[in-house]
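Worksheet: the structure to be examined is printed underneath.
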Amino acid sequence: MKKILSVLLIAVLLLGCMSFASAETEYPADLVAAAKEEGTLVVYGSCEEDYLSAATAQFEKLFGIKTMYQRLSTGEVPNKIAEENGNPSADVWFAGTNNPYDDAVKLGILDNSYVPVNASHLLSDLYKNPDGYWYGIYTGILGFMVNKDELKRLNLEAPKSWDDLLKPEYKDLIWLSNYNTAGTAKLVVNTILQMKGHDEGIQYLVALDKNIQVYTKSGSGPSKNVGTGECVIGIGFLHDGITQIVDNGYENIQLIIPADGTSCEIGPVAIFQGAKHPNAAKLFMEYALSPECVNMAANTGSYQFLVLDNATQPQAAIDFGLDPSLVWDGYDFADAAANTSKYVEEVMNALGDAADDRFKTE
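For what it's worth, this note's numbering labels the leading residue of the sequence shown as 174, then goes sequentially.
What follows is the structure, given as structure tokens:
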């Protein structure tokens, strides 16, 4: 009897040291146990809601942890958390684009105390914050989406470059997201200022404003209106255009990588400083950096390139030729991390009274 009890005790101890394994990924058993004890997780997500909903539902199903989410544009999150003054209403931040995450680092609202095991699968150190405040899960190319039918009706050619967007014939045909709320628009600011130089870049964005019909709250806003023709030329991430073509049947959309160069986003995951459910947040970070989470994106209409060596690239992105190697290799991520807020403020000041109504965030 004693021998049987000893064998059972050894088995229990061994099981406690083993990793919890899902279909594709192993998770540290002690972390899983601690996260389950907390029992709850709150996620702020800045990707498209279909992907956010599916990813959080899968996490809840996998670990039995009640998971709630709210979809917010990346530009909204840092201010919301900062206003909560060390008592964040969410535990973890999922996806979006990296510029606002860098703003959050400067505000001191992200936690870098946990290094996820699955970060070892990142394809490059480019896809993580140098100090470990966020880790990337995907990358997306900035470009133009145009409605071919509307351009034909207007007897206009599609723009091929950033400079083309300033042509007078495109007045009131272009949509861009809001510099104050969307990480996509913040990337546009950094890209233009780096490509053209600081002063010329600001002058360019002031000139571009004359052709902009609508500034949307979310970075994906322009893409959602190109197929219908309400927006003729949209500036945004090209994988959002793929979603409109493949999932919504808008074959009248053309995707354009600017001939004079472009940049890319990195979609991160991060833990908030002072998270009420820190172990669940750490476990979610491991999950977010796993194939079972990132491979789900393509099934929910999100076709970004994935930055993990054990992930499966979405075939639609490959078919449309959205190769991340095509982006401008001179983009300075460190400069963007240090100066995005300042650059956006300078652009808004340069726009002056023109910015009063069209950039309201209420």
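Glycine included, each C-beta is placed from N, C-alpha and C at the ideal position.
In terms of DSSP beta bridges, what is residue i paired with?
{"i": "Thr240", "result": "Leu214"}
{"i": "Leu283", "result": "Phe445"}
{"i": "Tyr388", "result": "Leu349"}
{"i": "Asn320", "result": "Ile426"}
{"i": "Thr312", "result": "Ile439 and Phe478"}
{"i": "Leu295", "result": "Leu481"}
{"i": "Val265", "result": "Val216 and Ile444"}
Below 7 Å between beta carbons: does that hold for residue i and residue j?
{"i": "Tyr476", "j": "Ala490", "result": "yes"}
{"i": "Val480", "j": "Tyr287", "result": "no"}
{"i": "Leu360", "j": "Asn272", "result": "yes"}
{"i": "Glu323", "j": "Gly402", "result": "yes"}
{"i": "His450", "j": "Thr213", "result": "yes"}
{"i": "Gly313", "j": "Phe410", "result": "yes"}
{"i": "Phe532", "j": "Asn351", "result": "yes"}
{"i": "Ser334", "j": "Ala227", "result": "no"}
{"i": "Asn512", "j": "Thr485", "result": "no"}
{"i": "Leu296", "j": "Asp482", "result": "yes"}
{"i": "Lys291", "j": "Glu459", "result": "Before going on, a small fix: residue 291 reads as Asn here, not Lys. Contact flag set, yes."}
Rounded to whole angstroms, what's the CA-CA distance from residue i to residue j? Just pull it up for me.
{"i": "Val517", "j": "Leu245", "result": "19 Å"}
{"i": "Ala448", "j": "Asn260", "result": "7 Å"}
{"i": "Leu524", "j": "Asp372", "result": "13 Å"}
{"i": "Gly400", "j": "Leu346", "result": "13 Å"}
{"i": "Leu237", "j": "Glu210", "result": "Correcting the residue identity first, residue 237 is Gly in this sequence and not Leu. Rounded to the nearest angstrom, the two C-alpha atoms are 10 Å apart."}
{"i": "Tyr200", "j": "Phe457", "result": "10 Å"}
{"i": "Glu342", "j": "Ala207", "result": "60 Å"}
{"i": "Val419", "j": "Tyr242", "result": "26 Å"}
{"i": "Thr198", "j": "Ala510", "result": "32 Å"}
{"i": "Leu235", "j": "Ala263", "result": "20 Å"}
{"i": "Asn320", "j": "Pro395", "result": "11 Å"}
{"i": "Trp307", "j": "Asn328", "result": "46 Å"}
{"i": "Pro251", "j": "Asp336", "result": "32 Å"}
{"i": "Lys455", "j": "Asn353", "result": "29 Å"}
{"i": "Glu222", "j": "Val265", "result": "16 Å"}
{"i": "Ser514", "j": "Val379", "result": "17 Å"}
{"i": "Glu424", "j": "Ser219", "result": "26 Å"}
{"i": "Val215", "j": "Phe232", "result": "12 Å"}
{"i": "Ile254", "j": "Arg326", "result": "46 Å"}
{"i": "Cys437", "j": "Gln488", "result": "19 Å"}
{"i": "Gly316", "j": "Asp203", "result": "44 Å"}
{"i": "Asn427", "j": "Cys404", "result": "Looking at the sequence provided, one finds Gln at residue 427 rather than Asn. C-alpha separation (whole angstroms): 13 Å."}
{"i": "Val362", "j": "Gly392", "result": "13 Å"}
I think residue i touches residue j, with their Cβ atoms under 8 Å apart; what is that distance to the nearest whole Å?
{"i": "Leu499", "j": "Ile430", "result": "6 Å"}
{"i": "Gly407", "j": "Met318", "result": "4 Å"}
{"i": "Ala355", "j": "Thr247", "result": "7 Å"}
{"i": "Gly440", "j": "Ala268", "result": "5 Å"}
{"i": "Tyr274", "j": "Ala443", "result": "6 Å"}
{"i": "His294", "j": "Leu462", "result": "7 Å"}
{"i": "Ile365", "j": "Tyr377", "result": "6 Å"}
{"i": "Phe445", "j": "Ile282", "result": "6 Å"}
{"i": "Asp508", "j": "Gln417", "result": "In fact, because the Cβ distance is near 32 Å, the residues do not count as touching under 8 Å."}
{"i": "Ile375", "j": "Glu256", "result": "Actually they are not in contact, since the Cβ atoms of Ile375 and Glu256 sit about 29 Å apart, beyond 8 Å."}
{"i": "Leu338", "j": "Tyr388", "result": "Contact flag wrong, Cβ pair sits at about 14 Å."}
{"i": "Leu224", "j": "Thr473", "result": "The sequence given here places Tyr at residue 224; Leu does not occur at that position. The Cβ separation is near 4 Å, so the contact holds."}
Which of the three DSSP states is assigned to residue i in this structure?
{"i": "Lys301", "result": "strand"}
{"i": "Asn398", "result": "helix"}
{"i": "Met191", "result": "Unreliable positioning characterises Met191 in this predicted model, as indicated by a pLDDT of 40, which lies under 50. The coordinate reading is nonetheless provided below. Correct three-state label for Met191: coil."}
{"i": "Glu438", "result": "strand"}
{"i": "Ser514", "result": "helix"}
{"i": "Tyr476", "result": "coil"}
{"i": "Tyr274", "result": "helix"}
{"i": "Phe410", "result": "strand"}
{"i": "Cys404", "result": "coil"}
{"i": "Met469", "result": "coil"}
{"i": "Phe232", "result": "helix"}
{"i": "Phe457", "result": "helix"}
{"i": "Tyr306", "result": "coil"}
{"i": "Asp508", "result": "helix"}
{"i": "Ile183", "result": "Low confidence applies to Ile183: its pLDDT is 36, below 50, so where it sits in the model is not reliable enough to give any reading."}
{"i": "Leu495", "result": "coil"}
{"i": "Asn252", "result": "helix"}
{"i": "Asn522", "result": "helix"}
{"i": "Thr354", "result": "coil"}
{"i": "Gly370", "result": "coil"}
{"i": "Lys175", "result": "Per-residue confidence for Lys175 stands at a pLDDT of 39, beneath the threshold of 50, marking its modelled position as unreliable; the derived number appears in the next sentence. If DSSP states are grouped into helix, strand and coil, Lys175 belongs with the helices."}
{"i": "Asn421", "result": "coil"}
{"i": "Glu342", "result": "helix"}
{"i": "Lys325", "result": "helix"}
Using 7 Å as the limit for Cβ to Cβ distance, is residue i near chain D?
{"i": "Asp298", "result": "Among the chains of the structure shown, chain D does not appear; only one protein chain is present."}
Would you say the beta carbon of residue i is closer than 6 Å to some non-hydrogen atom of the ligand MN?
{"i": "Cys220", "result": "For the ligand MN, the structure offers nothing, since it holds no ligand at all."}
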